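Chemist:
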Amino acid sequence: MPAHGAEKGVRMFRNETATLFSKAMAQTRMAVILADPHLEDCPIVFANTSFIELTGYPADEVLGRNCRFLQGPKTDPGTVAKMRDALQSEDVVVVEVLNYRKNGEPFWNALHLGPIYDEDGILQYYFGSQWNVSDIHTARENEEHAKVMARELSHRVKNMFSIVSAVVSMTADRHDVPHVADDINDRIFALGRAYEITLQHSSHQMVDLEPLVRSVLGAYSTSTDQRIELTGAKTSVQVSQSATIGLVLHELATNAVKYGAFSSPRGVIVFEWTVSEGDEPVLEMHWTEHTESPVAAPIRVGTGSGIIQSVLEASDGAIERTWHASGLKAVIRLPL
1 MPAHGAEKGV RMFRNETATL FSKAMAQTRM AVILADPHLE DCPIVFANTS
51 FIELTGYPAD EVLGRNCRFL QGPKTDPGTV AKMRDALQSE DVVVVEVLNY
101 RKNGEPFWNA LHLGPIYDED GILQYYFGSQ WNVSDIHTAR ENEEHAKVMA
151 RELSHRVKNM FSIVSAVVSM TADRHDVPHV ADDINDRIFA LGRAYEITLQ
201 HSSHQMVDLE PLVRSVLGAY STSTDQRIEL TGAKTSVQVS QSATIGLVLH
251 ELATNAVKYG AFSSPRGVIV FEWTVSEGDE PVLEMHWTEH TESPVAAPIR
301 VGTGSGIIQS VLEASDGAIE RTWHASGLKA VIRLPL
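Just so you know, we're using full-length UniProt numbering here: the sequence shown kicks off at 1 and counts up by one.
#1: For residue 360 versus glutamate 96, is the C-beta distance shorter than 8 Å?
#2: When the Cα atoms are used, what is the spatial distance from glutamate 141 to aspartate 135?
#3: So if DSSP puts asparagine 142 in a beta bridge, which residue, or which two residues, is it bridged to?
#4: Of the choices Tyr57, Met30, Met83, Glu61, whose alpha-carbon is the least far from that of lysine 102?
#5: Under three-state DSSP, which class holds methionine 83?
#6: Decide if tyrosine 117 is buried, meaning its Cβ has at least 16 other Cβ atoms within 10 Å, or exposed.
#7: Might you give, ordered along the chain, the residues of its own chain that have their beta carbon closer than 6 Å to the beta carbon of leucine 252, omitting 5 neighbours on each side?
#8: Output needed for phenylalanine 262: all residues of its chain with C-beta closer than 8 Å, excluding positions within five of it in sequence on either side, in chain order.
#9: In whole angstroms, what is the alpha-carbon distance linking phenylalanine 107 and leucine 209?
#10: Report the partner residues of arginine 321 according to the DSSP bridge assignment.
#11: Using DSSP bridges, identify the partner residues of methionine 206.
#12: Among residues of its own chain, excluding the 5 on either side of leucine 123, which ones have a beta-carbon nearer than 7 Å to its beta-carbon?
#13: When you compare each of Leu247, Phe51, Gln238 to glycine 128 by their alpha carbons, which one comes out closest?
#14: Look up leucine 133 in the DSSP assignment and say whether it is helix, strand or coil.
#15: Please report the distance separating the alpha-carbon of threonine 235 from that of valine 275.
The structure is reproduced here in structure tokens:
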């Protein structure tokens with residue numbers, strides 16, 4: 001092909017490409033504008049339909065104006081300065097800026113600004129794409145608010161448990177039964193550790209089982225990861241069930257400290273859980289102790305066993321205990 005023919009073909013291709021680009025930009029769901037830096041105040045010279053719909057301004061009120069008309073009373077000056085610096089230095093910038101529609105309604109705009117050059121590297125336009133991310137900002141604000149409330153609630157719950165503990169101790173002192181106070185205090189703080197985990201999930205109705213178990217059992221061993229083995233798939237339980245699980249684990253761990261695996265330096269507890277499939281799933285938790293010395297079954301049922309029985313029955317759950325030479329094995333079932 002002669003040289004002039006090739007040049008004509010390239011020009012035709014470029015013209016067709018420019019036409020296709022223009023049509024694509026006009027139809028895309030993302031709001032797009034082009035601003036001309038060679039004209040006074042860098043006005044908008046192209047705005048697609050999505051931009052018109054996003055801002056509520058008709059085309060004749062957009063074209064020929066600098067895009068600052070979208071700014072309002074709560075637009076962050078620092079973000080505006082960042083955009084202005086990028087334009088002056090011909091850099092690409094991506095920011096989230098609070099803009100305003102024609103009716104005064106604010107919206108969060110994920111704005112991408114960048115230069116467009118010609119073949120010779122000369123600046124021709126600034127390209128701007130906008131995306132309404134107000135829903136994302138609202139979700140972030142709600143999540144941050146929930147975290148603040150959870151921290152405040154955590155502080156208040158800790159204070160409440162401390163006050164209850166103090167009252168129990170004072171009552172026990174007056175009745176000369178300090179050992180009773182110790183037992184009750186231990187149970188109160190076990191509930192506190194269980195509730196502490198639920199506060200991290202204050203915006204949800206479910207809580208992860210494994211962190212809950214680690215929080216409660218971690219108080220009974222200085223080297224939890226070595227003395228306690230946890231096995232089970234990622235499982236969520238209702239926040240309302242966390243107190244039941246926390247108190248049951250506390251009573252089992254307390255018994256292990258006195259008579260079982262935690263009463264010897266090398267004792268180990270294996271805690272496993274599974275969830276049965278079906279219309280009414282059931283959480284099945286296996287507590288297995290491995291002690292250094294043989295363990296005999298208790299002669300009588302203690303207070304702790306009675307507490308376990310009561311709290312599980314209140315939640316339609318159940319427990320089965322068997323004693324082996326290596327220690328206690330308990331199976332706890334709790335409907336989810």
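Even for Gly, the Cβ is constructed at its ideal location relative to N, Cα and C. All of these numbers come straight from a predicted model, not from anything done at the bench.
Modeler: The structure says:
#1: This structure does not reach residue 360, given that the chain is present from 1 up to 336, and the question cannot be answered.
#2: Going from the Cα of glutamate 141 to the Cα of aspartate 135 covers about 10 Å.
#3: DSSP output for asparagine 142 lists no bridge partner at all.
#4: Considering only alpha carbons, the answer is Tyr57.
#5: It is helical.
#6: Exposed: under 16 other Cβ atoms inside 10 Å.
#7: Leaving aside the five residues that flank leucine 252 on each side, the residues in its chain whose CB is nearer than 6 Å to its CB run, in chain order, Trp287.
#8: In the same chain as phenylalanine 262, and ignoring 5 residues on each side of it, the C-beta atoms closer than 8 Å to its own belong to Tyr220, Ser221, Arg227, Ala253, Ala256, Ile269, in chain order.
#9: So the alpha carbons of these two residues sit roughly 39 Å apart.
#10: Arginine 321 is bridged to Ala330.
#11: Its beta-bridge partners are Gln238.
#12: Taking C-beta separations shorter than 7 Å and ignoring five residues to either side along the sequence, the partners of leucine 123 in its chain run Pro37, Glu90, Pro115, Tyr117, following chain order.
#13: By alpha-carbon distance to glycine 128, the top candidate from Leu247, Phe51, Gln238 is Phe51.
#14: According to the sequence as given, residue 133 is valine; it is not leucine. Here valine 133 sits in coil by DSSP.
#15: Each residue's alpha carbon lies about 8 Å from the other.
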